[in-house]
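Read through the structure below, which is laid out as structure tokens, and then see the notes.
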Amino acid sequence: MNNDGMDAVSRAPGPSPEQILDQHTTGLIGSHVDSICYNTNIGGFGLFFHHTRVGEVFTSVESRPDNPTAALIAQGTDALRIMANFSRRNNLEIFWSLRINNTHDNISVAHRVAAGENKIPDIFSKFKREHPELLMGKKADDRWRVAPPLPVRGSWTAVDFGDERVRQMTIDLVEEVCRNYPVHGVEIDFDRFPILFRSVSAGGTVSADDREKLTGMMSRIRKVMDKVGMERGEPILLAIKGPNSVEYCRDIVGMDLERWLGEDWIDLLVVGADRNHREWKDGVRLGQRFGIPVYPSLGTKDLPYRDTDPAWRGEALQALVSGAAGIATFNLFAIRPPGHPIWRELGDAGILTKRERWYFSSRSGIGGARNAILDRKYFTTETLSPMPATRKRIQGESPVEVSVLIPDEPPFGADQGVKWELCLYFTEALQTAMKVDLNGHELTNGIVDEDALHTDRHRLHFNVPPRLLRHGKNLIRVRQREISVVNSLSDLIVKASAPSASP
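Residue numbers for the sequence shown follow the numbering used here, beginning at 32 and rising by one.
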């Protein structure tokens, strides 16, 4: 479980370890969660709510009136130490999670300008204030208007990892945590905010020189962690979280992922979250080539239907049957409390096949992250979603083709007691009949209605005979019987009900 740490800054009802743990952590005992990745970075580069001397400690109560960091440090502890001690006591692994180039400070800037304020946001770090030359852009005035030229990609508040000062500070931050906290490992998150270099911010790709600089930083981090681990008498694991695409990692982030894995620097590979460029099995196979366990990262999605329990179950089952070592969750803690049943379902394929589950043509679409590079050439997965850019226009005689992956569940036979439904969503009212084929078989007796949750979308759904379904890729073709009508397919879900009880 990845926890972004807001339980210790924004939501804490009081400055005691128990009050912080009770929000998202204590209730996990006995669940499927066996590792916690805990983020302590707030706002942007260099600002944390653990007790750091390398970076800056966030004790402000300006934007976070309930921030207990100063009180905790006065008690001789902090949020990271609380999480580490809890995890050790309860036989859980604890990783410190570092979002490599966090730019949430840019969000606060926008909010404050909209509110008519002209203060420097309290989550804009001292490092950034003192080194504006290291940012991808600059502010134009005291109201935080951004001066041209604006970044083509990402945020102007991102720091440039082409500069040695940024890379060295990252190494020092990792070493400090490994020396001062009883963590089992460090997770470096390259997926959440993937813009690290000026060339990418300006619209290009990462140069060979910058890619080599990032590789050098990772080599030094591995050496530092090994040295501290030897001194502690306990190895410290290094987990890397990155996009599920070697090409995207190389060109856009600057990660020479195959080299890093080949050098044996990485102990765990976490792939995906904000967007899925490739199928889970591709990331799994990459790890298997180097003997590295892979954990697909399932994240919350700001798109219709995606954060329902059946949607999480469906994606978890897809990940588990891909050969992954397990799964990682991102931001699920924020929408499901630790006592929710989902935490006791997602880690077991056997349990998931006994629950209702949904499969999407694309659960994340092509976007979903503030700083993503939305270049279709990096996607080998379907990108159909309600986002305008990823709908499929239906016009003329040519059918729209879209696929959906169904994992290797138990046999599809009717004796399994599972009912299957195909749901198609359209942007316009269905003024004419649609012809829908599933794996070459025309579906009949479809029902047209408005969606119960989103009345601006129009649904066509079919009960599907199990014999028409396949394990793996299922191909759906959609065309209009009247070629003069124009509509757009905006979403597709295959729903599997929970098995019915035996008579």
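Beta carbons: idealized from backbone N, C-alpha and C, even for Gly.
Q. How many angstroms separate the CA atom of A460 from the CA atom of Y279?
A. A460 and Y279: Cα-Cα distance of roughly 38 Å.
Q.
Short of 7 Å in beta carbon distance, which residues of its chain neighbour K312, apart from the five on each side in sequence? Order them along the chain.
A. Excluding residues within five positions, the ones whose Cβ falls inside 7 Å are S353, G354.
(Q) Suppose you measure from the CA of T201 to the CA of P369; what does that come to, to the nearest Å? (A) 32 Å
Q: Give me the Cβ distance between G75 and I154, rounded to the nearest whole Å; I'm assuming they're in contact under 8 Å.
A: 7 Å
(Q) With the cut-off set at 9 Å, would you say S238 and S250 are in Cβ contact? (A) no
Q: Tell me whether G399 sits in a helix, a strand or coil according to DSSP, three-state version.
A: Reliability of the predicted coordinates at G399 is poor, the pLDDT of 48 falling under 50, and the value obtained from them is presented with this limitation in mind. Of the three classes helix, strand and coil, the one that applies to G399 here is coil, per DSSP.
Q: Tell whether a beta-carbon distance below 9 Å holds between I226 and M167.
A: yes
Q: Check whether the Cβ of M248 sits closer than 8 Å to any heavy atom of the ligand GDP, and report yes or no.
A: What this structure holds is no ligand at all, so the ligand GDP is not there to describe.
Q: With DSSP as the reference, please indicate the residues paired to E432 in a beta bridge.
A: Beta-bridge pairing by DSSP links E432 to R508.
Q: List the endpoints of the continuous beta strand (DSSP E) containing C209.
A: C209 -> not in any beta strand (DSSP E); alpha helix (DSSP H) instead, spanning 195-211.
Q | Whole-Å CB distance - R309 paired with T412, under 8 Å assumed | A | 6 Å
Q) In terms of alpha-carbon separation, which member of S434, H489, G396 lies closest to M418? A) The shortest Cα separation from M418 among S434, H489, G396 belongs to G396.
(Q) Check this for me: beta carbons of P335 and R490, under 9 Å apart or not? (A) In this structure, P335 sits away from R490, with a CB-CB distance that is not shorter than 9 Å.
Q) Should R367 go down as buried or exposed, given a rule of 16 or more other Cβ atoms within 10 Å for buried? A) buried
Q) Can you tell me whether A350 is buried or exposed, with buried defined as 16 or more other CB within 10 angstroms of its CB? A) buried
Q | P327, buried or exposed, once every other Cβ within 10 Å from all chains shown has been counted against 16 | A | Burial call: buried.
Q. From P46 to I125, what does the alpha carbon distance come to, in whole angstroms?
A. 21 Å
Q) When the distance is taken between beta carbons, is I252 closer than 9 Å to L292? A) The answer is no: Cβ separation not under 9 Å.
Q: Could you name the residues of the same chain whose beta carbon sits closer than 6 Å to that of D35, not counting the 5 residues immediately before and after it, in chain order?
A: N70
**Q.** DSSP bridge partner residues for G273 (one or two, in chain order)
**A.** V302
**Q.** When A304, D194, V277, G260 are compared against F224, the one with the closest alpha-carbon
**A.** A304
Q: Leaving out five residues on either side along the sequence, give the residues of the same chain with a beta carbon under 8 Å from the beta carbon of I113.
A: A39, P48, I51, L52, L103
Q | 8 Å Cβ shell around S519 - same chain, five flanking residues per side excluded | A | R422, K423, R424, I425, F457, T458, E459
**Q.** For H502, three-class secondary structure by DSSP
**A.** coil
Q: In the DSSP assignment, find the alpha helix (DSSP H) that holds R130 and state where it starts and stops.
A: The continuous stretches of alpha helix (DSSP H) do not include R130, which lies in the beta strand (DSSP E) extending over residues 124-130.
Q: Report the residue from N494, D220, R510, S41 whose alpha carbon sits nearest the alpha carbon of K526.
A: Nearest option by C-alpha distance: N494.
Q.
Considering only the alpha carbon of each residue, which of V301, W127, R306 lies closest to H24?
A. The structure shown has nothing for residue 24, since the chain only spans 32 to 534.
Q | Boundaries of the alpha helix (DSSP H) in which S528 is found, first to last residue | A | The continuous stretches of alpha helix (DSSP H) do not include S528, and DSSP gives it neither H nor E.
Q: Report all residues from its chain with a CB closer than 8 Å to the CB of R512; omit the five preceding and five following residues, and keep chain order.
A: T463, A464, M465, K466
Q) Can you tell me whether A359 is buried or exposed, with buried defined as 16 or more other CB within 10 angstroms of its CB? A) It is buried - the Cβ of A359 has at least 16 other Cβ atoms within 10 Å.
Q. Could you give the C-beta distance for V197 and D191, rounded to a whole number, given that I count them as a contact under 8 Å?
A. Indeed they touch by this definition, with Cβ atoms about 6 Å apart.
Q: Could you tell me the distance, in whole angstroms, from the CA atom of A400 to the CA atom of K332?
A: In this predicted model, A400 has a pLDDT of only 45, less than 50, meaning its place in the structure is not dependable enough to derive any value.
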